[in-house]
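*Asks:* In terms of the numbering used here, the sequence shown opens at residue 157 and continues consecutively.
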Amino acid sequence: MKTIKCILFILLSLVLFVVPFSNSIAKGHQGDLVEKLKWLESANPELDAKKAIDRKDFRLRAIYGYVLSVPGVDQRDYDEYKRTFGFNPIEGTSDSLISEEHARLNQLASEYAFRYNKVILNYKKK
């Protein structure tokens, strides 16, 4: 009986320590994801794409999720685009949204990537 009480005490102590600690880590992680996307609020995808073209960087911008998605590209041609251009995922994007702000910034990232990729793809068609 003493052993069971000892085990319960240890488990309870761990729960009381780990749960608040993991919650603060999760909140910090949430803030990190949002901070990684804040640059999109003032970004100019057309200008950024033209700068990338000048550097000969033709990678398409992509969005993290269950699968990597590339706005403006037909998913059926995913492998061909990956071979031809390569992808440059936007850090902080995810399909596991952690807040309304994260959802808003993910939408902004998708719109940014669509416009950016359009410039790259039009340039390469020439």
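We put the CB at the ideal spot given by N, CA and C, even for glycine.
Small disclaimer: the values here were computed from a predicted structure and weren't measured.
Going by the beta-carbon positions, is the gap between GLU247 and LYS192 smaller than 7 angstroms?
*Replies:* In this structure, LYS192 lies closer than 7 angstroms to GLU247 by Cβ.
*Asks:* For ALA245, which beta-bridge partners are listed by DSSP?
*Replies:* Strictly speaking, residue 245 in this sequence is Pro, with Ala absent from that position. In DSSP, PRO245 forms a bridge with ALA218.
*Asks:* Could you tell me which residues DSSP pairs with SER266 in its beta bridges?
*Replies:* Note: SER266 sits in no beta bridge, so no partner.
*Asks:* Check for me: the alpha helix (DSSP H) holding ASP210 runs from which residue to which?
*Replies:* Run containing ASP210: 201–210, per the alpha helix (DSSP H) assignment.
*Asks:* Within 10 angstroms of the Cβ of SER198, are there 16 or more other Cβ atoms? Answer buried if so, exposed if not.
*Replies:* Exposed, since its Cβ has fewer than 16 Cβ neighbours within 10 Å.
*Asks:* So does the segment 249–261 actually touch the segment 231–240, counting three or more Cβ pairs closer than 8 angstroms?
*Replies:* At 8 angstroms Cβ cutoff, the stretches do not touch.
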